[in-house]
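J.: Got a structure here, written out as structure tokens. Questions coming.
Residue numbers (our numbering), protein chains in the order written: chain A, 1 to 147; chain B, 1001 to 1166.
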């Protein structure tokens, strides 16, 4: 009679084989290692090279910071309150085209967008955040809450 | 001398019922994740615990391990092994949820596939409940339960079995 430990190991081995087999048979298999990563725009020059333009902006900061100043037209999807927007996320943000997420919590908000059907390949995190954007004359700014 | 604990008549049916409930929960949870591996991969990544290269292997393996645990819980000969898997995975999930709560992450828990359910205290309590149920099915605190997972031959009132059967 097999011991519990052996049976448990057998179950885990069977799970491993099923995981491999099911992924091989899947029409859109998951890459074996890693995952499609959301890319990071390290510098302003990376932002300028981004095609096709225009892109959608997403501000991941808290409400106070957003009201004090943000990129004009940016969708406010704060990292700590993003679940409030689940129901109308596609109204706020078109499903196609590049999306640039900035501000504290940008990585978390970007992950949330991927969770909700946006492709990781279309999402970019602007690493310099709002501090990097506020001084850029080419980027229009606005104040106040999101309508 | 400490008196021997006795198994009572309701323990076996209660343990069986608990095992079946656990099986249903684990099979349901596994199904959503197996059907939507991309969503589960994103959920795993959002916990920011595993290195990036391990996210997809974990997202592929964990749902099938949950499924194996659920199936094992249905069959008496494999029930304890399935219950130990439940204990292991529930501990793992509870630790991950606790770590997300401590870090203030507002993320999808990924508990039942693509459905959006934010990580919170309820998620932690669910995991701890599953952990306790798995522990009970594995037979830890119940006299007479230790050998009954594979043989289901516990006689009510027979007490713990500490030696080879005659």
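Even for Gly, the Cβ is constructed at its ideal location relative to N, Cα and C.
By how many angstroms is the C-alpha of residue 1135 (chain B) removed from the C-alpha of residue 1162 (chain B)?
T.: As a first step, residue 1162 (chain B) is located in the second chain; it is residue number 162 there, counting from the start. As a first step, residue 1135 (chain B) is located in the second chain; it is residue number 135 there, counting from the start. Because the pLDDT of residue 1162 (chain B) is 35, which lies under 50, any placement of that residue in the model is unreliable, and the number read from its coordinates should be weighed accordingly. Each residue's alpha carbon lies about 20 angstroms from the other.
J.: To be precise: take each residue of the stretch 1059-1082 of chain B, compare its Cβ to all Cβ atoms of chain A, and keep it if any distance is under 9 angstroms. Which residues remain?
T.: 1059, 1060, 1061, 1062, 1063, 1064, 1065, 1066, 1067, 1068, 1069, 1071, 1072, 1077, 1078, 1080, 1081 and 1082
J.: Whole angstroms is fine: what's the gap from residue 140 (chain A)'s alpha carbon to residue 1073 (chain B)'s?
T.: Here residue 140 (chain A) is taken as the residue at index 140 of the first chain, counted from 1. Here residue 1073 (chain B) is taken as the residue at index 73 of the second chain, counted from 1. Roughly 60 angstroms separates the two Cα atoms.
J.: Got a sec: is the Cβ-Cβ distance from residue 1029 (chain B) to anything in chain A below 7 angstroms?
T.: Locating residue 1029 (chain B) in the second chain gives position 29, where the first residue counts as 1. It does not: the Cβ of residue 1029 (chain B) has no partner Cβ on chain A nearer than 7 angstroms.
J.: Excluding the 5 residues preceding and the 5 following residue 116 (chain A) in the sequence, name in chain order all residues of the same chain whose CB lies nearer than 8 angstroms to its CB.
T.: Against the first chain, residue 116 (chain A) aligns to sequence position 116. Contacts found: 86 and 89.
J.: Report the partner residues of residue 1108 (chain B) according to the DSSP bridge assignment.
T.: Walking along the second chain from the start, residue 1108 (chain B) turns up at place 108. Looking at the DSSP assignment, residue 1108 (chain B) forms a beta bridge with B:1118.
J.: Could you pull the DSSP bridge partners for residue 57 (chain A) from this structure?
T.: What you label residue 57 (chain A) is simply residue 57 of the first chain in a count that begins at 1. In DSSP, residue 57 (chain A) forms a bridge with A:100.
J.: Quick one: grab the DSSP three-state call for residue 39 (chain A).
T.: Position 39 of the first chain holds residue 39 (chain A). DSSP places residue 39 (chain A) in the strand class (E or B) of the three-state scheme.
J.: Name the chain A residues whose beta carbon is nearer than 8 angstroms to that of residue 1039 (chain B)?
T.: The sequence position of residue 1039 (chain B) within the second chain is 39, counting from 1. Within 8 angstroms Cβ-Cβ: 115.
J.: Could you tell me whether the stretch 90-99 of chain A touches the stretch 1013-1020 of chain B, where touching means 3 or more Cβ pairs closer than 8 angstroms?
T.: no
J.: Measure the C-alpha to C-alpha separation of residue 1124 (chain B) and residue 1088 (chain B) and round it to an integer number of angstroms.
T.: Numbered from its first residue, the second chain carries residue 1124 (chain B) at position 124. Numbered from its first residue, the second chain carries residue 1088 (chain B) at position 88. Their backbone Cα atoms lie some 15 angstroms apart in a straight line.
J.: Hey, is residue 21 (chain A)'s beta-carbon within less than 7 angstroms of any beta-carbon in chain B?
T.: Against the first chain, residue 21 (chain A) aligns to sequence position 21. Answer no: the Cβ-Cβ gap between residue 21 (chain A) and chain B never drops below 7 angstroms.
J.: Along the chain, where does the beta strand (DSSP E) containing residue 1026 (chain B) start, and where does it finish?
T.: Residue mapping note: residue 1026 (chain B) aligns to position 26 of the second chain, counting from 1. Here residue 1026 (chain B) belongs to no beta strand (DSSP E); instead the alpha helix (DSSP H) covers 1011-1035.
J.: Leaving out the 5 sequence neighbours to the left and right, which residues in its chain are closer than 7 angstroms to residue 73 (chain A) when beta-carbon positions are compared?
T.: In the first chain, counting from the first residue as 1, residue 73 (chain A) sits at position 73. Around residue 73 (chain A): 57.
J.: So which residues of chain A does residue 1134 (chain B) contact, with C-beta pairs closer than 7 angstroms?
T.: Residue numbering aside, residue 1134 (chain B) sits at position 134 when the second chain is read from its first letter. Simply none; closest approach about 12 angstroms.
J.: Take the Cβ of residue 1038 (chain B) as the centre, count every other Cβ of all protein chains shown within 10 Å, and call the residue buried at 16 or more, exposed below.
T.: Residue 1038 (chain B) sits at position 38 when you count from the first residue of the second chain. A buried status is given to residue 1038 (chain B), since no fewer than 16 other beta-carbon atoms sit within 10 Å of its beta-carbon.
J.: Taking all protein chains shown into account, do 16 or more other C-beta atoms lie within 10 angstroms of the C-beta of residue 109 (chain A), making it buried, or fewer, making it exposed?
T.: Along the first chain, read from residue 1 onward, the residue named residue 109 (chain A) stands at position 109. The residue in question, residue 109 (chain A), is buried, as its Cβ has 16 or more Cβ neighbours within 10 Å.
J.: Helix or strand or just coil, what does DSSP make of residue 141 (chain A)?
T.: Start at 1 with the first residue of the first chain, and residue 141 (chain A) comes out as number 141. Under the three-state reduction of DSSP output, residue 141 (chain A) falls in the strand class.
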